Every structure is written in C-alpha cells, then in structure tokens.
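Numbering (this note's numbering), first residue to last: 363 to 509.
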C-alpha cells in the first residue's frame, strides 16, 4: 500500500519569489512521516511519551520541479525496507501541472532511513511487533530484511 497526505503550500514555505525554499520541503516530508505514523495508529508524540523516537539518519532528495505558494500538493509515502530497528521510507511529492492546471506532476523524490530508538540517548531498539505489523502493509517489496 501507499499512504498519501494532502498539504497546501503556504506563505511561510516560500522565498520572496513565491516558490518553496528547498529546506521547507524537509518540514513537509517530516509532516508526512508524522501523518503516516498517526494513520497506522502510532502517533509520534505517543512514541516519544513512551520513550522512543524514529529519527532520520539518512535522507536523499531529488528536486524535480518547483512548487509555488498556494499549490495543493500530495505527498505519498511507502516503505522500501523493514529491518530489526531501521526502516526505509520512499516519498514522492506531486503538485498541479502549472501550464494547464490539470493533472499532477512529480516535483520531488526522497528516500530516508529511520531508526527506532530509545530516548534520550538514541540507542537503536528493536521495532516492536505491533508497530512492525502496522508497517508491514506499506512495505513495497513485501520482504523483511534484517538491518
């Protein structure tokens, strides 16, 4: 399965030219990650309350096109791998086609590695079975890897 969440490009995301300033995409990707965790029943704030987090330890991004103030974007997220304590996330961000206003165009692709960790020191921990079960349907290759 693929999880999708709609977002709107707001004024605070943009530079003076009205296009998204590239670091703001990272905020949007993190929001999508939080939306996904809440969707599968594991809101990030609850994980933190229990003493765990899922920090990103690696993030690769390909900027394919610009997004502008007011764009209604969609961020899609799926899992590329699921290890003992780490997981790989794949993101795609689509925005309206600018010339004709119809259709969606890929604007950004990203891949991240998150590590399920004990807080506050960040020691990796085994992903619990209930969280693993909730993540499993979003794993695109449907195989499990060990870190």
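Where is the CB? At the ideal position from N, CA and C, for every residue including glycine. Remember, predicted model here, so these are calculated numbers, not experimental data.
When you compare each of 366, 376 and 428 to residue 400 by their alpha carbons, which one comes out closest? 366
Tell me the DSSP secondary structure of residue 459 in three-state form. coil
Proximity of residue 425 and residue 387 at Cβ, strictly below 9 Å: yes
Any idea what DSSP makes of residue 489, helix, strand or coil? coil
Quick check: residue 369 and residue 393, are their CB atoms within less than 9 Å of each other? yes
Sheet register partners of residue 477 (DSSP bridge): 448
Opposing strand residues paired with residue 414 [DSSP bridges]: 480
Could you please give me the residues that DSSP links to residue 466 through a beta bridge? 458
For residue 458, which of 429, 494 and 495 has the nearest alpha-carbon? 429
Residue span of the beta strand (DSSP E) that contains residue 385, given as start and end: Here residue 385 belongs to no beta strand (DSSP E); instead the alpha helix (DSSP H) covers 385-401.
Check each candidate in 436, 470 and 503 and name the one with the smallest Cα separation from residue 398. 436
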